[in-house]
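Worksheet for the structure shown next.
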Amino acid sequence: MGSLDRSLIAGLPVFGGIAPTDLDRIIGQARSLRIAKDQPVFEQEQQADSFFLLLDGHVRVVKSTPDGHEVTVRYISPGELMGIAHALGLTTYPATAIAAVDCIVLGWPSRL
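So the mapping is simple: my numbering equals the position in the sequence shown, first residue as 1, plus 7.
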């Protein structure tokens, strides 16, 4: 995919008040990903080397319990960030994010 345009993120609350030149730098480091239904965006205990913004679709976040059950802990809607484990001081993702439908996400490296 070619370069991404800041209009993808400019209207989202998480990026509110950020100058256009800064938005250009932020979007310039993003990669666009298509995640098929039922495929993971990231998996529990995987190295938390990226964080993501859901642009389109819905994502279900599940946590595996020690006895092997999966518990849904939340749903992600367009415009929400996910996979921010590194920002919370974690080195691995504490849960798995699974596309509930075909999704489009933007991903950034955890260390910008």
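For each residue, glycine too, the CB sits at the ideal point set by N, CA and C.
* **Neighbour-count burial assignment, Ala-104, 16 or more Cβ in a 10 Å radius** => Burial call: buried.
* To do: Pick helix, strand or coil for Pro-73, following the three-state DSSP scheme.
  => Correct three-state label for Pro-73: coil.
* Asked: Under three-state DSSP, which class holds Asp-31?
  -> Asp-31: helix per DSSP, three-state reduction.
* **Ile-91 versus Pro-101: straight-line alpha-carbon distance, rounded** => Straight-line Cα distance between these residues: approximately 10 Å.
* Asked: Which one of Leu-19, Leu-113, Ile-111 and Ala-107 has the shortest CA to CA distance from Tyr-66?
  -> The residue you asked about is not Tyr; residue 66 is Val in the sequence shown. Among Leu-19, Leu-113, Ile-111 and Ala-107, the Cα nearest to that of Val-66 belongs to Ala-107.
* **Alpha-carbon to alpha-carbon, Thr-72 and Pro-20** => Spanning the two alpha carbons is a distance of roughly 33 Å.
* **CB of Asp-109 within 9 Å of CB of Gly-64, strictly** => Cβ atoms of Asp-109 and Gly-64: closer than 9 Å.
* Taking C-beta to C-beta, are Pro-85 and Leu-113 nearer than 9 Å? -> 9 Å or more divides the Cβ of Pro-85 from the Cβ of Leu-113.
* To do: Can you give me the start and stop residues for the beta strand (DSSP E) that Ser-14 sits inside?
  => Taken as a continuous stretch (DSSP letters only), Ser-14 belongs to no beta strand (DSSP E), being part of the alpha helix (DSSP H) at 14-17.
* Determine the direct distance from the alpha carbon of Ala-43 to that of His-121, and round the result to whole angstroms. => Coverage of the chain is limited to positions 8 through 119, which leaves residue 121 absent and any answer about it impossible.
* Asked: Is Ala-37 helix, strand or coil by DSSP?
  -> If DSSP states are grouped into helix, strand and coil, Ala-37 belongs with coil.
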